[in-house]
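These notes are about the structure you will find just below.
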Amino acid sequence: MVNIWIEFALCAGIIMFAGTKLTFHGDVIADKTGLGRNWVGLVLLATITSLPELITGVSAVTFNDLPDMAVSGTLGSCMFNMLVIAGLDLLSKGKPVSHMVHQGHMLSAGFGIVLVSFAAVDILFGKHLPILTALNSIDPLSLVFIVVYLLAMKLIYSYEKNRVKEFAGELAEAEQPGATLRKSILFFTLYSLMIVVAACYLPEIGEKIAKTTGWGESFIGSSFIAITTSLPEITVSVAAARIGAFDMAVANLLGSNLFNVAILAIIDFCYLKAPLLRSVSEINVLTALTAVISMAIVVIGLTYRSEKKLLFLAGDALAILIVYIMANYLLFTVH
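In terms of my numbering, the sequence shown has 580 at position 257, counting the first letter as 1, and numbering is strictly consecutive.
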């Protein structure tokens with residue numbers, strides 16, 4: 324049992340180190356290329372930091388025949404990402420994060436609500452809709468997930484392109500004046516590979532812990548594995564917040580939620596027995612709805628833009644925390 328936690332600590336250490344460096348060079352790339360922190364966070368960082376969810380999900384269905392763990396882990400990561408957004412309030416000085424970041428994040432949050440809601444509907448009603456059974460073992464809605472994800476990327480890119488360019492990267496240049504685009508791309512790639520390699524071991528570690536503790540697939544997937552596979556998101560987002568790049572941090576987390584639903588489609592393609600979301604327990608709907616409610620709270624926070632915190636957290640962050648705790652209590656109770 325001790326060895327498992329040592330393995331986990333080693334992987335976590337590598338991810339935390341590489342994630343911090345990744346954010347620094349991502350900030351430089353955002354500035355030097357003119358892409359902006361939002362786009363770098365939404366696409367580059369979100370894709371890289373979501374790779375553990377992809378690796379975990381694919382290995383769960385291909386090697387272990389655990390569709391519940393694959394789905395609950397991926398949806399649980401969406402839920403946990405919103406908790407991380409709430410936690411960013413602890414790192415913001417004075418005003419809440421929802422007041423500091425750009426309201427354009429509502430676009431990615433809105434698409435996230437749509438995609439995760441589709442997943443919840445498929446879990447509940449997919450078996451009862453004949454129109455969705457035409458492709459045999461592949462769920463037609465998986466194709467919809469991919470199309471909507473690509474549409475979201477296109478629209479968000481167009482939106483960001485039309486925005487006034489921000490002065491991204493000033494802090495990066497202040498800390499390392501010699502940073503160049505070529506050098507940052509090289510190191511960005513290197514640290515990305517470090518995260519991917521460390522993430523490859525997370526599914527195996529999660530499975531060992533699940534067997535050792537005796538927890539159920541859905542609970543361990545939604546809680547521990549979701550937190551474990553979200554380590555890159557946590558590390559990158561916290562590192563971004565510490566250099567003042569809150570827009571990059573929020574974009575990374577919301578972008579990860581979008582990519583996570585696309586991951587469900589990829590896992591579905593790899594699960595040849597049956598459509599993935601129709602092979603899992605309906606308790607996963609609770610995880611999906613929690614993520615949807617949390618993203619809706621993010622939209623409310625970005626719209627209202629409160630200037631004050633209640634102690635250490637703003638009202639929207641506190642609401643997300645309460646929803647997360649209640650959902651995990653229900654998941655554990657049902658288990």
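Every residue gets a Cβ at the ideal spot worked out from N, C-alpha and C, and that includes glycine.
The structure presented is a predicted model; accordingly, all values stated were derived computationally and were not measured.
Residue T558 holds the alpha-carbon nearest to the alpha-carbon of I518 among L438, T558 and V608. Beyond the five residues adjoining it in sequence on each side, Y482 comes within less than 7 Å, by CB distance, of G427 and L430 in the same chain, given in chain order. Along the stretch 396-425, the alpha helix (DSSP H) occurs as fully enclosed runs of 4 or more residues at 420-423, listed in sequence order. Taking each of T346, K450, S604 and Y472 in turn and checking the Cα distance to I589, the smallest one comes out for Y472.
Under the criterion of beta carbons closer than 8 Å, H348 and F582 do not qualify as touching, at roughly 20 Å. A contact between stretches requires three or more CB pairs, one per stretch, nearer than 8 Å, and the stretch 625-641 meets this requirement with the stretch 411-427.
For the pair A369 and I378, the Cα-to-Cα distance works out to about 15 Å.
Within the same chain, A443, I446 and L447 come within 7 Å of V608 by CB-CB distance, once the 5 residues on both sides are set aside. In this structure S373 touches S579 by the C-beta definition: roughly 5 Å separates them, less than 8 Å.
In the DSSP assignment, the residues bridged to L633 are L636. The alpha-carbon separation between S507 and G567 amounts to approximately 19 Å. Our two residues, Y647 and T613, have alpha carbons roughly 7 Å apart in a direct line. Short of 6 Å from the beta carbon of A611, and not among the five residues preceding or following it, lie these beta carbons of its own chain, in chain order: L398, V439, A442 and A443. Taking C-alpha positions only, E330 is separated from E527 by approximately 10 Å. Distance from the Cα of G342 is smallest, within the candidate group A522, S395, R601 and W362, for A522. In this structure, the CA atom of K355 is about 38 Å from the CA atom of C593. For the set L576, K484, I532 and K632, the Cα lying nearest the Cα of M392 is the one of I532. Taking the Cβ atoms as the reference, S460 lies roughly 7 Å from K596, within the contact range of under 8 Å. Between A650 and M405, the C-beta gap is not smaller than 8 Å, which leaves the two residues out of contact. The three-state reading of DSSP puts G578 in helix, counting H, G and I together.
By the beta-carbon neighbour count (other beta carbons within 10 angstroms, threshold 16), T535 is exposed.
In the DSSP assignment, K506 falls within the alpha helix (DSSP H) that extends over L504 to C523. According to the DSSP assignment, L625 belongs to the alpha helix (DSSP H) that extends over N607 to Y627. The C-beta separation of V603 from P463 comes to about 17 Å, leaving the pair out of contact by the 8 Å criterion. One Cα belongs to P555, the other to G449, and the distance between them is close to 32 Å. Apart from the 5 residues on each side of it in sequence, A409 sits with its Cβ closer than 6 Å to the Cβ of A640, I643 and L644 in its chain, given in chain order.
The residue among V407, G336 and F386 with its C-alpha nearest the C-alpha of S617 is V407.
The beta carbon of T626 sits closer than 8 Å to those of Q426 and M429, all from its chain and outside the five residues before and after it, given in chain order. A distance below 8 Å separates the beta carbons of G433 and V622. Taken atom to atom, the span from the alpha-carbon of G380 to that of P598 is near 14 Å. Ranked by how close their Cα comes to the Cα of L345, the residues G435, A383, L513 and Y480 have L513 in first place.
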